[in-house]
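Step one of this worksheet: look at the structure below.
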Amino acid sequence: MENAQNRSSVPPTEKETFLPLHLAQLFFSRTMATIAPSAIRQASRLASKSALTTAPRHGLQQLSRVASAPVQRTAGKKRSYVTESKRDNAQVQTETAIRLDRKELEKSGLTITSENGSTEHVSPMADVLKAATIMDEGQRPIYMDMQATTPLDPRVLDAMMPYYTGFYGNPHSRTHAYGWESEKAVEDARQHIASLIGADPKEIIFTSGATESNNMSIKGVARFFGRSGKKKHIITSQTEHKCVLDSCRHLQDEGFEVTYLPVESSGLINLDKLKAAIRPDTMLVSIMSVNNEIGVIQPIEEIGKICRANKVFFHTDAAQAVGKIPLDVNAMNIDLMSISSHKIYGPKGIGACYVRRRPRVRIDPIISGGGQERGLRSGTLAPALVVGFGEACRIAKEEMKYDSQRIKFLSDRLLNGLLSMEHTSQNGDPNHFYPGCVNVSFAYVEGESLLMALKDIALSSGSACTSASLEPSYVLRALGNSDESAHSSIRFGIGRFTTEQEIDYVLKAVTERVGFLRELSPLWELVQEGVDLNTIEWSQH
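So the sequence shown is numbered by the UniProt record's numbering: it starts at 1 and just counts up by one.
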C-alpha cells in the first residue's frame, strides 16, 4: 500500500515510461551519438568518484524512424542519428577555395568584407562552399547514397541482438542445445530469404556478400564445366559490376572465352544480340538485374527464357534488385542469383547465392573446408548476421508494396525538380529503371566539384567500389556518354527512411550550387550567348 502511495505521489513528468525494446535501443543509440567522445571519457572519470544522479527523462517525441529528422537546420534539432561528426569532418577548407586572379577580380568588382572590416577579393564560390559545408555542431550530411549501402533497420537490430549475447552457439554443433538454437535461427532466416525470391530454402547458400556470390557463381560454373573442355564460353555485359567483370577477366587468363555484350544508349541489352552471341560451347550468361549506377532494370524474364531454350545457365547479380522489385527465380528461369544483405537494410558482411537444384547447377567451390552449405561454401556461419539478413528479407517482402510506392513518389519529386533545370538529363532508360536510383548529368559542371559543393549531402558519382578512380564511369561510357557528360553525372539514392523534407532540401541545394558553378564556367557563358561549342577550334598550348 505504501509503495502504491509513493508511486501515485510522483509528479506526472517524473513517472517511469516503459518503451518497447527496439525503441529503447534506438533511443539509446541516438542519445549516445550526440555525446562527444571527450565528454564520455570525462563522465567515466567522474562516475568512479561519485554516485550517479538521476538523469532527466526524455519524452517519446524524440523517437522517430531512423533518418527521418527534418532537414531544416534549426536550433535544438540535431540530425545526428548514427554517430557524431565533427564539423571539420564534413567541410571544405574555404581558405583553399578557388581564388580568382586579382586583376580579374578588380575588374569584376567581386569583393567580400572580412570580420575586421577590410575588403578582400575572393571567389564567390568560397561563400557557397562555406554555406554548403559548415553545419551545426554534431550534424551529419543527408544520406542519399542508398546504392552504396543502406542503414540498418532497427527491427533487424532487435532480431540480431540475442545472438550476440545469450544464443551464441555454433550453428554447426549438433550435440547440444546451444548449437540447435543457432541452427534453428539460421534455417528460419534461410526460409525468409528463399521466400523473398520464390526459391527452396535448400537452394540458399550463405556467403560474405554479393561479391563472393558473383565470384562463386561465375568461376564455380566455369571451372566445373570447363574441365571437360567442351564448354569454354561465357557471356556478360559491359555494364556489369566490377567484381563480375574481373571474375570474367580472370577466367580469360585461364583459357576461357568471354563475350562482353554492348548495351543500348538506354542501358538495356539487345536481346537479339544476346541470342546471336550464344554458341554451342556457351555455358553461362551473367546479366545483372538492376544496374548499381543508373538503376536500369534488365528484361530478366526474357533473358531467362533465351538461356533455358539454349540449355545455358543464367546467373544474375541481383544485389540492387532483391527486396526492391518482385523476383521469382522459377518464373524467370534464373539458375544462380547473388544477393547482398546490406543493400536491403540488413547487416554488412553477409550475403547469399541462390543455386538451383532442379535442374541441378554444378559448381566448383572456391572455399574448401568443413563442407558447410552443401559443400559449396565452407566456414562457420555468423548466426547474428544470418538472422539479421533473414529479418531484413522478411520485412522487405512484407513492406515491398508500400516501400515501392513511397520511393516512387519521392523519386518523381526529385527527378522532376532536377530535370526542370537547364541542360540536365537522366542517364538510363526513363521507363525501365528502379526509382530509388536516379542518375543525372549536369552539363557544364564538373561532377567532383559539385560533390565538393554539396558536402551537406552524401552523394556519389558512381559505384562505391570504383569511387577512388578519377576515370569517368565505364557504365556511362558504355551508354555512349562523352567523358564530359560522364564526369558531370551524380547518382541520387532514395530509400526506406528518406523523407520529403530531405528531397526538398536536396533539390534546393543542387539547384543553387549548380547555378553557382556554372556561373564560374567560361563554357556556360558561351552557351548562354548561343555559341555552339562544337564549332569552336580550341588551340593547344
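The beta carbon of each residue, even a glycine, is placed where N, CA and C say it ideally should be.
Predicted model only: the values in this text are computed from it and were never measured.
State the CB to CB distance for the pair residue i and residue j, rounded to an integer number of angstroms; the pair is presumed to be in contact (CB under 8 Å).
i      : j      : result
Ile269 : Thr316 : That pair is no contact at about 12 Å.
Val263 : Cys248 : Contact doesn't hold; Cβ gap of about 16 Å is too wide.
Met337 : Gly304 : That pair is no contact at about 11 Å.
Asn292 : His241 : 6 Å
Gly369 : Gly379 : 6 Å
Ala159 : Glu391 : 4 Å
Ile197 : Leu327 : 5 Å
Tyr143 : Ala384 : Rounded, the Cβ-Cβ distance is 24 Å, inconsistent with contact.
Quick one: Cα of residue i to Cα of residue j, how far?
i      : j      : result
Glu183 : His192 : 14 Å
Leu520 : Gln320 : 37 Å
Gly179 : Ile395 : 26 Å
Val527 : Met421 : 15 Å
Ile235 : Ser228 : 19 Å
Cys243 : Asp532 : 40 Å
Asn481 : Thr499 : 31 Å
Leu245 : Val475 : 12 Å
Phe313 : Asp335 : 6 Å
Pro124 : Ser460 : Note that Pro124 scores a pLDDT of 47, beneath 50, so its modelled location is shaky; the value from the coordinates is reported in the next line. Whole-angstrom Cα-Cα distance: 24 Å.
Gly447 : Ser425 : 14 Å
Phe433 : Leu152 : 24 Å
Gly371 : His172 : 11 Å
Gln72  : Arg496 : In this predicted model, Gln72 has a pLDDT of only 45, less than 50, meaning its place in the structure is not dependable enough to derive any value.
Leu524 : Asn439 : In the sequence as displayed, the identity of residue 524 is Trp instead of Leu. C-alpha separation (whole angstroms): 22 Å.
Ser289 : Pro299 : 8 Å
Glu484 : Arg477 : 10 Å
Ile218 : Cys307 : 15 Å
Gln238 : Thr165 : 45 Å
Arg155 : Met452 : 34 Å
Arg406 : Ala199 : 27 Å
Cys393 : Gln501 : 28 Å
His423 : Phe492 : 18 Å
Ser341 : Ser195 : 15 Å
Leu507 : Met216 : 41 Å
Which term fits residue i, buried or exposed, when burial requires 16 or more other beta carbons within 10 angstroms of its beta carbon?
i      : result
His176 : exposed
Ala309 : exposed
Leu419 : exposed
Arg374 : exposed
Asp456 : buried
Tyr354 : buried
Lys343 : buried
Arg174 : exposed
Pro359 : exposed
Pro280 : exposed
Arg356 : buried
Gly59  : Bear in mind that a pLDDT of 39 at Gly59, under 50, signals an unreliable position, so the number given afterwards is only what the model happens to contain. Exposed is the call here.
Ile252 : Residue identity check: residue 252 is Gln in the sequence provided, not Ile. When all chains shown are included, Gln252 counts as exposed.
Pro430 : exposed
Taking Cβ to Cβ, would you say residue i is nearer than 7 Å to residue j?
i      : j      : result
Pro472 : Ala458 : no
Gly436 : Val296 : no
Tyr345 : Thr207 : no
Val386 : Val186 : yes
Arg413 : Ile503 : yes
Leu415 : Ile494 : no
Leu479 : Gly349 : no
Gly209 : Gly323 : no
Leu274 : Glu302 : no
Ser488 : Val445 : yes
I'd like the list of long-range same chain contacts for residue i, defined as Cβ closer than 7 Å, with 5 residues on each side in sequence excluded.
i      : result
Leu450 : Phe442, Ile490, Arg513, Val514 and Leu517
Glu254 : none
Phe225 : Lys231 and Met283
Gly220 : Ile363, Asp364, Pro365 and Ile366
Thr511 : Met421
Gly530 : none
Ser265 : Leu479 and Gly480
Met146 : Gly436, Gly493, Ile494 and Gly495
Near residue i, which residues of its chain fall below 8 Å by C-beta distance, leaving aside the five closest residues on each side in sequence?
i      : result
Ala509 : Ala132, Leu454, Asp456 and Ile457
Ile339 : Ile193, Ile197, Ala210, Ser213, Ala318, Ala319, Val322, Gly351, Ala352, Cys353 and Tyr354
Ala277 : Ile235, Thr259 and Leu261
Phe167 : Tyr178, Glu181, Ser182, Ala185 and Pro383
Lys408 : Pro435
His233 : Phe256, Glu257, Val258, Thr259, Arg279, Asp281, Thr282 and Met283
Within a Cβ cutoff of 6 Å, which residues of the same chain sit near residue i, ignoring the five residues on either side of it in sequence?
i      : result
Arg223 : Asp364
Leu376 : Ile205 and Pro365
Pro141 : Ala90, Asp456, Ile457 and Ala458
Arg190 : Pro201 and Ile204
Ile325 : none
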